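A quick write-up on the structure given underneath.
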Amino acid sequence: MRAASSQSLVTVEGSNLNYVYAVLAISLIALGIAWALRAQVLAQSDGTAKMREIAEAVQEGAAAYLARQFRTLSYFVGIVFVLLFALPGDMDIRIGRSIFFLLGAGFSALVGYNGMWLAVRANVRVAEAARNKNGEKAVQIAFRTGGVVGMTTVGLGLVGASLVVIIYRENAPAVLEGFGFGAAMLAMFMRVGGGIFTKAADVGADLVGKVEKNIPEDDPRNAATIADNVGDNVGDCAGMAADLFESYAVTLVAALILGKAALGDAGLIYPLIVPAIGTITAVIGIFLTRLRPTDKNAMQAINRSFFISALISAVLTGLATFTYLPSDFKLLTGLSQEAIESAGNINPRVLAYGAVLIGIALAAAIQVLTGFFTEVGKRPVNDVAASSQTGAATVILAGIAVGFESAVYSAILIATAVFGAFALGGGSIVLSLLAIALAGTGLLTTVGVIVAMDTFGPISDNAQGIAEMSGDVKGEGAQILTSLDAVGNTTKAITKGIAIATAVLAATALFGAFTDAIKQAVKDAGQEAANLGLEYQGVLDVANPRNLVGLIIGAAVVFLFSGLAVNAVSRAAGAVVMEVRNQFKLHPGIMKGTEKPEYGRVVDICTRDSLRELVTPGLLAVMAPIAVGFGLGVGALGAYLAGAIGTGTLMAVFLSNSGGAWDNAKKMVEDGNYGGKGSDAHTATIVGDTVGDPFKDTAGPAINPLIKVMNLVGLLVTPAIVSFALGGNSNINTLIGVVATLIIVAALVRNRRQSTSIEY
C-alpha cells in the first residue's frame, strides 16, 4: 500500500481517530456486558446431583477435546505465520500482518472456547429451569448464554480491527488481511474438526441406540451419549462461534480494504461505526428475548427480538451515516482526484446507507426463508415427515428435494442483494464493490443476536440430553425441552444461512480487492498492466481456456471438500457404531442397568478421528488456490475463486437446509405423528436424520470459512505471482504450483488409504 498524503495523515490522526477510539471503547463495553451476562447465567441453579454428574462429564470431554485440537492447530498456525512473513512487502507491514494473523487466530480460538465453556455449564441450568416447569426461564438462560458468545464475537472483532487502524493508519488494509486470514483459517479447522466429532458421535449413538436397541436418544445405557453431548458443544458452540467470528472479522477486513480505496480516510472509519452500532442493538435484542404467555413457542420470542434489533440498527445507522459522511465525494479527504471523478454525482451517504439497509434486509429475509424450509409445522418439514410412511428412501428423497429447492431461493436472494448493492455504485467498480462490502457490515449489525440464536440450539439439545439421562425431568418439563430442541434446530439452520450470506458478500468484496491487488502489484513492478497480456486482462474472461479450467477447479474443490468432510464422519461414525455394539455385546449388564458403559472410549475415538481428519481438508483449502494461481496464473486464480463462490453458495445452503428438514421431521414423528416413537416411520426419519447430520453440521457450515480462506489466500499470494511473472521468474511460479499440487495429491492419497485401512 502506498503512503497517504500529508493531509490524509493529519486527518486520520485527528478527529477521525477519535471515532476509532470510540469504537474501541464500545467493543470493550461489549466484552464487559458479556462478562455480566456470564455471571447471570452461572448464578442460576445447576440442578440435581445426577444432572450435575452428567454435565461434568460433558464439560470434561469438551475441554479435553479442544485442548488437543488447539495443540494440533498450533503447528499449522506456526507454519503460516512464517509463510506470511516471507511474502513480499515492507518489513513493518509483513511483521504487522503476521502478528495480527496470530491475533485473529487467537481471537477465533478464544470465541470458540468461551462459547463451549459456558454452554456446557448453561445446559444443566436450562434443564433445571425446565424441571421446575419454568419455560420462560429456560429460554432466557439459553439465549443469554448465546448472548455472551455474541458479545464476545462483536467485541473481539472490533477490538482487532480498531487496533489495526489505530496502529497502522493508512496501511491498515494490508495488515488486516493477516487478521482476517488468521480468524478464517482457525475457524475452518474448528468447524471441520468439531463437526466431525459431533456427527460421528450423533450418528453412532442413533444407529445403535435408537435403531438397533430401540432405546431413547439420550439413554444412559448408550456409550455414545456423553460423546454426543460433548460433540454438540465442540461443533455447534465452539466451531460455529469461531465461524461467525471469522465471518465478522473477514467482512470487516473486506470493507476496510475497499473503504480506503473508495472513501479515503472515512473508509477506514465508517465500516467500524456500522458494526459498533450493531453491538448496541445486539444488547437490546438479547435483553428483549423473553417468552410471553401468548407465544406458541420460543421461535416467536427469538424472531421478535431479532426483527426489533434489526429495525433499531437501521434507524441508528441512518443517523450515523448522515452525521458522519458528507454529501459529496469532493468533501472526502485522502481520496485521489481520479477516484473523485469516477464517483460522478453519487452521494456517499446514499451509497453507504443504501448498502447497509440491503445487508440488514438480507439477514431478515434469510431468517424468514430458512425458517420456512426447516421449521416444524411449515409445509416442507411436514412433507418430509409425511414421507416417512413409505420408508427411509422417500424420507431421504424428500429431504434432498427440500435442500435443492431452498438452495435456489437462497442463492437468488443473496444474488439479488449483491446486485442491488453493486447497482448503488453507479458504474464505478470500486464503489460497487465497496457497497457489497458495506452490505456485509449491515448484515453484521445483527450478528450479536445471530450468534445468540446459534448457541441456543446446542444448549437446548444438551439440556434435553441431560434431562433424559438423569431421569429427573418429566412431564411438562420434558415437553418444554423437546420444544426448545426443535426450535434450536431451526435457529441453527438460520444462522448457517446467514453465515453463508456473509461469506458470499465478503468473498465478492475480497474478489474485488484481489483484482485491485493485481493492479497494485503491476504498478509496484513499474510496468503497465498490458504487459501481463491475457493473463491479466482476462481475469474474469472465462472464454480464455486457462481461466475456464480455473473456474471448473474452483467449483470442484467445493465438492471435494464436502466429500472429504462427509466421508470423515462416515468413517468415524463407523468406529463409534462398532464400539457401542461391542460394549452391549461384551457387557450384557449394560442393557439391564447393572453395568455402566465406558463413555470415555467413545469420546477418545471421536477425538482421535476428528483431529486426524483435519489435515486433508485444511491442506486442500490453503494449497488449491496456490496451485492454481502459481500454476495457471492470476486470471485462472480469479476464475477459480468465482467458481468456488458460486458453487459454495448453493452447496452450503443445500446441505444445511436438507439436514435441518430431516432433523425436524424426526422431531415431528417423535411428537406422536405417523405412529410416533418406535414405529416404522420413526425408524425412517432416524435414517434421514443420520444422513443429514454430516450435511448440516459438518460439511455445510465448513464451506463458509472455506470460501473466505481461499479468497484470502488468493489475495495474499497475488503480489508474489505477479512479481515473479513480471520479473522473468515464471519458472518459480510453475515450481510452486507443482509443489502445491503434489502436496494436495499426497494428502488425498493418504486420506484414501486411511478410509480403506480402518478396522472396526
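With the numbering used here applied, the sequence shown covers 314 to 1073.
Think of the CB as a built atom: it goes at the ideal place given N, C-alpha and C, for glycine as much as any other residue.
Predicted model only: the values in this text are computed from it and were never measured.
Taking a C-beta distance under 9 Å as the contact criterion, Gly739 and Gly657 qualify as a contact pair. In this structure Val871 is not in contact with Gly973, their Cβ atoms being roughly 20 Å apart against a cut-off of 8 Å. Ala343 sits away from Met429, with the two beta carbons spaced by 9 Å or more. Closest in alpha carbon position to Leu945, among Arg925, Ala1038 and Ala957, is Ala1038. Check the Cα spacing between Leu581 and each of Met553, Arg534, Met501 and Val477: the tightest is with Val477.
Excluding the 5 residues flanking it on each side, Leu386 has same chain C-beta neighbours closer than 6 Å at Phe502, in chain order. Bounds of any alpha helix (DSSP H) do not take in Glu530, whose DSSP letter is neither H nor E.
Nearest Cα to Asn1042 within the set Phe943, Ala949, Ala698 and Ala881: Phe943. Pairing Gly495 with Leu415 gives a Cβ-Cβ distance under 9 Å.
Here the C-alpha atom of Ala574 lies approximately 7 Å from the C-alpha atom of Leu648.
Put simply, the backbone Cα of Pro901 is about 9 Å away from that of Thr907. By the Cβ rule, the stretch 704-715 counts as touching the stretch 984-1001, because three or more pairs are nearer than 8 Å.
The residue among Ser700, Val882 and Val1030 with its C-alpha nearest the C-alpha of Met981 is Ser700. Put simply, the backbone Cα of Asp549 is about 23 Å away from that of Phe600. Of all C-beta pairs linking the stretch 584-599 to the stretch 762-779, three or more are shorter than 8 Å, placing the two stretches in contact.
In the three-state scheme derived from DSSP, where H, G and I count as helix and E and B as strand, Thr361 is classed as coil. Nearest in C-alpha terms to Ala627, of all of Leu877, Gln613 and Ile593, is Ile593. Within the same chain, Cβ atoms closer than 6 Å to the Cβ of Asp519 are found at Ile999 and Thr1003, the five residues on either side in sequence being excluded.
Taking C-beta separations shorter than 7 Å and ignoring five residues to either side along the sequence, the partners of Arg662 in its chain run Thr634, Phe635, Leu638 and Ser640, following chain order.
Only residues of its own chain outside the window of five on either side were considered, and among them Met612, Ile615, Met766, Asp767, Phe769 and Gly770 have a CB closer than 8 Å to the CB of Thr804, listed in chain order.
Distance between Asn484 and Ala554, taken at the CA atoms: about 29 Å. Per DSSP, the continuous alpha helix (DSSP H) segment holding Gln680 begins and ends at Pro661 to Thr687.
For Asp917, the enclosing alpha helix (DSSP H) begins and ends at Tyr912 to Arg925. Between Val697 and Trp348, the CB-CB gap reaches or exceeds 9 Å. Between Gly1027 and Gln702, the alpha-carbon positions lie close to 49 Å from each other. Counting only runs that start and end inside the stretch 579-651, the alpha helix (DSSP H) elements of at least 4 residues fall at 583-601 and 611-637.
Distances from the CA of Ser719 to each of Gly684, Leu746 and Val743 were compared; the closest alpha carbon is that of Gly684.
A distance of 9 Å or more separates the beta carbons of Ala674 and Tyr583. Shown here for Ile903: same chain residues with a beta carbon closer than 7 Å to its own, the five before and five after excluded, namely Arg534, Gln896, Phe897 and Pro910 in chain order. Within the same chain, Cβ atoms closer than 8 Å to the Cβ of Phe874 are found at Pro930, Leu933, Ala934, Ala1012, Ala1015, Ile1016 and Leu1019, the five residues on either side in sequence being excluded. When secondary structure is reduced to three states using DSSP, Leu400 falls in the coil class, being assigned neither helix nor strand. Look at the beta carbons and you see the stretch 679-693 touching the stretch 806-814: at least three pairs across the two are nearer than 8 Å. By the Cβ-count criterion, Asn527 is exposed, with fewer than 16 other Cβ atoms from all chains shown falling within 10 Å of its own Cβ.
Residues of the same chain with a CB within less than 6 Å of the CB of Gly1050, apart from the 5 flanking positions on each side, are Ala940, Phe943 and Gly944 in chain order. Its Cα nearest to that of Phe1008, the residue Asp515 stands out among Tyr481, Met464 and Asp515. Under the 10 Å beta carbon count, Gly801 is surrounded by 16 or more other beta carbons and is classified as buried.
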